[in-house]
Ligand SMILES: [Zn+2]
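Residue numbers (the working numbering): 3 to 436.
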């Protein structure tokens, strides 16, 4: 007879029939690795539907159980959350939970695929402006929904002590959306994408449950094959929407688990960095630019150059003579990511370049760390001050359209200046186009 007091029962609650295979697959994938590392499975589980009499008793946070919950009750701002409770002396995990905001995720991604398809159809008819407007409208609505959920609870004791609720620690949380919605990856169906995405999310949250932290150097081990496992060497990486469905338990994760569960010394000590290792503001001068949750691909600097090109595309609407659909303020967080990603290289080259693994030795890159600062400025200006961009502005259908695009570009330049000038990297005269 099943009993709720059975120790270490792991229940998977509320997962609809069509997604059960994917959820089981994520657990089985971890078990396969554990079989190789410790010689046996580690995770046992059972699906518990809402109609099951045990369902009401299985509550995440009850340390008698491990629960994965397709969360129908709590409407939260995160995509997934993987908190756990450990023995404070031995570090052994006693109980762990995974909460996933699946109903919201399914609704968002269904809309994303539909909007993307409609936008592609419009583009084929030569209606680039209408396509942009459609995506912009969807993104704005989505941002509104997510922002309305960003509340956090805090426990206050007296005037000074303010504690975040443990399960809301940012490092346990995974964003519902990261960067704005772009076009759907080419040739990938909704079903294939979601299966990859759910597998990735659950493997990531289970990684937290098993004791792993975020690893923002995972993408440095990416390759361009576009196959499962090609986008990062760690499932604990944060990747943008075009990459997530391809992520898998990677070489770093297996190495870390072998170390933690078997005591096998890791072969690569420079494959890992986590939340507090990222730079921002003044600390950009001392932290590695290769450690950031915002990037992707094995060549982060090229990734930021590509993001800059995409920002300019949106801010100017480079493929039509119409006024841009976006204002710089509406994609401010994307712009901040881009200029921070670029500035981080210039800011910390002197101090951290010796530890970089994926910057030097590529086409037209400088050979010495002392040349990185000038190279970053040149790279930024090559795009924003290009004659092609000047020609596109000149060909806008009205003075109003031209002014809006020019104002957006100015804001992009201001964002770059605000990121680099306090660090003493460049002067205004160096930044502006001649
Ligand atoms: Zn996480």
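Ideal Cβ positions, reconstructed from N, Cα and C, are used throughout, including at glycine. As the structure is a prediction and not an experimental result, all values here were calculated from the model.
Residue i in three-state terms, based on DSSP
i: residue 310; result: helix
i: residue 164; result: strand
i: residue 398; result: coil
i: residue 2; result: Outside the shown range of the chain (3 to 436) lies residue 2, about which nothing can therefore be said.
i: residue 248; result: helix
i: residue 100; result: strand
i: residue 88; result: strand
i: residue 80; result: strand
i: residue 3; result: Low per-residue confidence applies at residue 3: pLDDT is 33, beneath 50, and the placement is therefore not dependable, though the value from the model is reported in the following sentence. Three-state DSSP puts residue 3 in coil, outside helix and strand.
i: residue 20; result: helix
i: residue 254; result: helix
i: residue 95; result: strand
i: residue 72; result: strand
i: residue 113; result: helix
i: residue 434; result: coil
i: residue 418; result: helix
i: residue 9; result: Note on residue 9: pLDDT 49, under 50, position unreliable in the model; the coordinate value appears next. It is coil, neither helix nor strand.
Reference residue i; option with closest CA among the options
i: residue 187; options: 145, 259, 243; result: 243
i: residue 13; options: 47, 24, 37; result: 47
i: residue 316; options: 351, 330, 65; result: 330
i: residue 397; options: 325, 347, 107; result: 325
i: residue 102; options: 364, 21, 347; result: 21
i: residue 253; options: 262, 223, 56, 33; result: 223
i: residue 64; options: 41, 96, 45, 79; result: 96
i: residue 28; options: 146, 203, 38; result: 203
i: residue 35; options: 115, 212, 334; result: 212
i: residue 302; options: 271, 233, 262; result: 233
i: residue 136; options: 430, 41, 327, 332; result: 327
i: residue 196; options: 112, 89, 38; result: 112
Alpha carbon of residue i to alpha carbon of residue j, nearest angstrom
i: residue 8; j: residue 66; result: At residue 8, the pLDDT of 44 sits below 50, so the modelled position is not reliable; the number obtained from the coordinates is stated separately. Near 8 Å, if we compare the C-alpha coordinates of residue 66 and residue 8.
i: residue 276; j: residue 219; result: 8 Å
i: residue 100; j: residue 24; result: 15 Å
i: residue 227; j: residue 255; result: 20 Å
i: residue 305; j: residue 231; result: 19 Å
i: residue 412; j: residue 251; result: 42 Å
i: residue 378; j: residue 402; result: 32 Å
i: residue 159; j: residue 215; result: 29 Å
i: residue 294; j: residue 74; result: 32 Å
i: residue 5; j: residue 53; result: For residue 5, the pLDDT reaches just 39, beneath the cut-off of 50, and the residue's location in the model is therefore unreliable, leaving the point undetermined.
i: residue 26; j: residue 79; result: 25 Å
i: residue 105; j: residue 122; result: 26 Å
Distance between beta carbons of residue j and residue i, contact taken as under 8 Å
i: residue 210; j: residue 84; result: 3 Å
i: residue 322; j: residue 126; result: About 15 Å separates the two Cβ atoms, so there is no contact after all.
i: residue 348; j: residue 383; result: Their Cβ separation, rounded to whole angstroms, is 13 Å, which puts residue 348 and residue 383 out of contact at 8 Å.
i: residue 338; j: residue 290; result: With 8 Å as the limit, residue 338 and residue 290 do not qualify as a contact, their Cβ atoms being about 19 Å apart.
i: residue 134; j: residue 319; result: 6 Å
i: residue 386; j: residue 435; result: 7 Å
i: residue 287; j: residue 357; result: 14 Å between Cβ atoms; not a contact.
Heavy atom of ligand 3 within 7 Å of residue i beta-carbon
i: residue 81; result: Absence of ligand 3 is noted for the structure shown, with ligand 1 being the only ligands found.
Residue-level contact to chain B via CB, residue i, 8 Å cutoff
i: residue 197; result: Among the chains in the structure shown there is no chain B, since it carries only a single protein chain.
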